[in-house]
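One structure below.
Residue numbers (our numbering): 157 to 251.
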């Protein structure tokens, strides 16, 4: 009898929520003061996953590739890709 090396695909996939709430490690936090304390979804991004250069809205300095940081987006704006902002961890803590 031949060996079966292929894994069975599980059925019943559920689509991701539009606001990004199903990402692993996402938590709700109050936003920066200029956002009128709107609720933001916050996800930590490890240094291994950071592969591009971003500009932190807290200090206006660059976040270089390989630097762990925070990704935050407003909960009510459905988490579109252009709504996400990448913050230094320290800048997000003192927002």
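Where a beta carbon is used, it is the ideal one built from N, C-alpha and C, also for glycine.
Span of the beta strand (DSSP E), counted from its first residue to its last, around residue 243:
Locating residue 243 in the chain shown gives position 87, counting from the first residue. According to the DSSP assignment, residue 243 belongs to the beta strand (DSSP E) that extends over 241 to 243.
Among the candidates 241, 194, 195, 192, whose CA atom is the shortest distance from the CA of residue 216?
Here residue 216 refers to the residue found at position 60 of the chain shown. Each of 241, 194, 195, 192 was checked against the Cα of residue 216, and the nearest Cα belongs to 241.
Inter-residue spacing [alpha-carbon to alpha-carbon] between residue 204 and residue 239
In the chain shown, counting from the first residue as 1, residue 204 sits at position 48. In the chain shown, counting from the first residue as 1, residue 239 sits at position 83. Between residue 204 and residue 239, the alpha-carbon positions lie close to 23 Å from each other.
Among the candidates 244, 214, 186, 225, whose CA atom is the shortest distance from the CA of residue 197?
Position 41 of the chain shown, counted from the start, is the residue given in the question as residue 197. For the residues 244, 214, 186, 225, the minimum Cα distance to residue 197 belongs to 186.
Between residue 202 and residue 247, what straight-line distance do the alpha-carbon atoms span, to the nearest angstrom?
Indexing the chain shown from 1 puts residue 202 at position 46. Indexing the chain shown from 1 puts residue 247 at position 91. Straight across, the Cα-Cα distance linking residue 202 with residue 247 is about 16 Å.
What is the rounded straight-line gap between the Cα of residue 231 and the Cα of residue 191?
Mapped onto the chain shown, residue 231 falls at position 75. Mapped onto the chain shown, residue 191 falls at position 35. If you take the alpha carbons of residue 231 and residue 191, they lie about 12 Å apart.
Just to check my reading of the structure: residue 214 and residue 251 have Cβ atoms closer than 8 Å, yes? What is that Cβ distance to the nearest angstrom?
If you number the chain shown from 1, residue 214 lands on position 58. If you number the chain shown from 1, residue 251 lands on position 95. So it is a contact: roughly 6 Å between Cβ atoms.
At the level of alpha carbons, what is the spacing between residue 194 and residue 188?
Position 38 of the chain shown, counted from the start, is the residue given in the question as residue 194. Position 32 of the chain shown, counted from the start, is the residue given in the question as residue 188. Roughly 8 Å separates the two Cα atoms.
Looking only at its own chain, which residues have a Cβ that is under 7 Å from the Cβ of residue 243, when we skip the five neighbours before and after it?
As a first step, residue 243 is located in the chain shown; it is residue number 87 there, counting from the start. Result list for residue 243: 212, 213, 214, 225, 226, 228, in chain order.
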